[in-house]
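Student: Following this message is one structure expressed as structure tokens.
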Amino acid sequence: MEIPRTLHVHLTDNEPEHDSPRHIVVSTDQNFIQIEAAGYNACNSADDNQPGNGYMAIAAIEVWEGELRLIVWSDINQEDPTHIISLEGARITARKCEYCGGSCPSDHDYACDGFVGDIDGLYSEEA
Ligand SMILES: [Zn+2]
15 MEIPRTLHVH LTDNEPEHDS PRHIVVSTDQ NFIQIEAAGY NACNSADDNQ
65 PGNGYMAIAA IEVWEGELRL IVWSDINQED PTHIISLEGA RITARKCEYC
115 GGSCPSDHDY ACDGFVGDID GLYSEEA
């Protein structure tokens with residue numbers, strides 16, 4: 015399945031007393047996904063731009079030098095991102111062993127006896 019270049023979404027508030035829907039545009043390129051929102055803009059982008067042209071990104075997910083990271087521009091008066099968050103700690107391979115705290119779930123060759131035998135059934139029950 016081909017990934018669409020842009021996806022338009024209208025988000026509504028969970029609380030009905032806040033009637034403030036947001037028009038969000040998610041667009042993709044080879045190494046990133048960027049998020050734009052009508053009424054929000056980046057520092058050096060004209061305010062009459064429309065979301066979807068790629069100039070108004072307020073957040074992005076990108077692969078940068080082998081690292082998956084979330085970039086946020088939460089201040090329209092600041093050119094540089096306000097937040098760059100590495101997502102590498104959320105990798106499945108970063109999950110710690112529930113028995114010893116080591117890397118047993120992703121490194122079975124050096125797994126502890128607790129993990130190998132699942133002595134307390136921590137891995138046998140479905141979540
Ligand atoms: Zn272990």
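In this note's numbering, the protein residues as written are 15 to 141.
Quick reminder that beta carbons are idealized off the backbone N, C-alpha and C, glycines included.
The model shown is predicted, which means the values in this text are computed figures rather than measured ones.
1) Specify whether the segment 84-93 and the segment 57-74 touch according to this definition: at least 3 beta carbon pairs, one from each stretch, less than 8 Å apart.
2) For ligand 1, I want to know if C57 counts as a neighbour, meaning its beta carbon is within less than 6 Å of at least one of the ligand's heavy atoms.
3) Contact check, S41 vs G66 under 8 Å by CB: the rounded distance?
4) Between N91, D127, Y113 and K110, which lies nearest to S59 when the distance is taken from Cα to Cα?
5) Quick one: what's got a C-beta closer than 7 Å to P95's C-beta in the same chain, skipping five residues either side?
6) Taking 6 Å as the limit, name every residue whose beta carbon sits nearer than that to some heavy atom of ligand 1, in sequence order.
Tutor: Here's the rundown:
1) The segment 84-93 is in contact with the segment 57-74.
2) no
3) 6 Å
4) N91
5) I85, V86 and W87
6) C111, Y113, C114, G116, C118, A125, C126, G128 and F129
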